[in-house]
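One structure is given below, encoded as structure tokens.
2 protein chains.
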Amino acid sequence: MTHPTVIRPAEHAVYSADKMGKSTIFESTRLLVGLNAFESGQAHALHAHAGMDKVYSVLDGEGVFLLGGRRMLMKESDLLVAPDGVPHGVRNTGHGRLLVLAILAPNPGRK
Amino acid sequence: MTHPTVIRPAEHAVYSADKMGKSTIFESTRLLVGLNAFESGQAHALHAHAGMDKVYSVLDGEGVFLLGGRRMLMKESDLLVAPDGVPHGVRNTGHGRLLVLAILAPNPGRK
């Protein structure tokens, strides 16, 4: 993707029949802006990032988010922050697709 | 705000009659997650951040975003990335309010 440009996240979503689809919108050493795309029933297992914060923003659909021992139903426009080391996960419990903007700082792949 | 919790960004928006309103949703050394709230006609003048990337996500309304010499009309769910050093600004050219999620990495106030 060439910058600067207006990004319509839904156009960059990658869904997969096998498992959650991932795509990258932007990355630098400081930041990874990506999409997690879930078909109904798909999940991202509980995991944590050391030394990184993650922001989730629900762009479409709804699902259950796990964070620090809590379960929360999230829907379009809801936001969640998983700070450094706090376990988090996602399950698409809805009937339709779930699209989530996932922003990680710093970028885990470019340390 | 206590974490973990589902964040509904609109509930944290601060509008001001004088100028763009700012509020903070989450911050660490790595990340600042905030809101920029514009009444109709209000603007955030062109500026740049050295050593930081910014992600804008339009939550409500529409406006003109400046980035690296380009002018782009952005509306709800559109996203823009202003990488390190690239000048950017915003003007609410719509009739209603404009609410923008602004994520900076790293946090300019906690270096």
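Sequences listed follow chains U and L, in order.
Using the working numbering, read the first sequence as starting at 1 and increasing by one per residue.
Using the working numbering, read the second sequence as starting at 1001 and increasing by one per residue.
The beta-carbon is built from N, C-alpha and C at its ideal position, and this holds for glycine as well.
Residue i to residue j span [Cα, whole Å]
{"i": "Leu1046(L)", "j": "Gly1063(L)", "result": "14 Å"}
{"i": "Asp53(U)", "j": "Arg1110(L)", "result": "14 Å"}
{"i": "Val57(U)", "j": "Ala82(U)", "result": "Here residue 57(U) turns out to be Ser, not Val, going by the sequence shown. One C-alpha to the other measures close to 11 Å."}
{"i": "His1012(L)", "j": "Gln42(U)", "result": "31 Å"}
{"i": "Ala1050(L)", "j": "Ser1040(L)", "result": "29 Å"}
{"i": "Gly68(U)", "j": "Thr93(U)", "result": "19 Å"}
{"i": "Ser16(U)", "j": "Ala1017(L)", "result": "47 Å"}
{"i": "Leu1079(L)", "j": "Asp78(U)", "result": "16 Å"}
{"i": "Thr5(U)", "j": "Ala105(U)", "result": "22 Å"}
{"i": "Arg97(U)", "j": "Arg1070(L)", "result": "34 Å"}
Per-residue contacts from residue i into chain L (C-beta, under 8 Å)
{"i": "Ser77(U)", "result": "Arg1008, Pro1009, Ala1010 and Leu1059"}
{"i": "Val55(U)", "result": "Phe1026, Leu1031, Val1033 and Ile1103"}
Contacts that residue i makes with chain L (C-beta to C-beta distance below 9 Å)
{"i": "Asp84(U)", "result": "Ser1028 and Arg1030"}
{"i": "Leu80(U)", "result": "His1003, Pro1004, Thr1005, Val1006 and Ile1007"}
{"i": "Met20(U)", "result": "By Cβ distance, chain L contributes nothing, its closest Cβ being about 20 Å from Met20(U), past 9 Å."}
Chain L residues whose Cβ lies nearer than 7 Å to that of residue i
{"i": "Leu67(U)", "result": "Pro1004"}
Under 7 Å by beta carbon: chain U residues contacting residue i
{"i": "Pro1108(L)", "result": "Those do not exist, as Pro1108(L) stays about 12 Å from chain U at its closest Cβ, beyond 7 Å."}
Cβ neighbours of residue i in the same chain (closer than 8 Å, five flanking residues each side left out)
{"i": "Lys1022(L)", "result": "Val1014, Gly1034, Leu1035, Asn1036 and Ala1037"}
{"i": "Asn107(U)", "result": "Glu27, Ser28, Thr29, Arg30, Leu31 and Leu32"}
{"i": "Asp84(U)", "result": "His49, Ala50, Gly51, Met52 and Asp53"}
{"i": "His1095(L)", "result": "Ser1040"}
Contact list for residue i against chain B, beta-carbon separation under 7 Å
{"i": "Arg70(U)", "result": "Checking the listed chains, one finds no chain B in this structure; the protein chains it contains are U and L."}
Same chain, Cβ closer than 6 Å to residue i, neighbours up to 5 away in sequence not counted
{"i": "Leu59(U)", "result": "Pro9, Leu99 and Leu101"}
{"i": "Ile103(U)", "result": "Val33 and Val55"}
{"i": "Met1020(L)", "result": "Asn1036, Phe1038, Gln1042 and His1044"}
7 Å Cβ shell around residue i - same chain, five flanking residues per side excluded
{"i": "Lys75(U)", "result": "Val58 and Glu62"}
{"i": "Leu1073(L)", "result": "Glu1062 and Val1064"}
**Request:** Examine the Cβ distances between the segment 89-96 of chain U and the segment 1021-1031 of chain L and report whether three or more of them are shorter than 8 Å.
**Result:** no
**Request:** Entirely within the segment 39-92 of chain U and at least 3 residues each: give me those beta strand (DSSP E) ranges in chain order.
**Result:** 43-47, 53-60, 62-67, 70-75, 79-82 and 88-91
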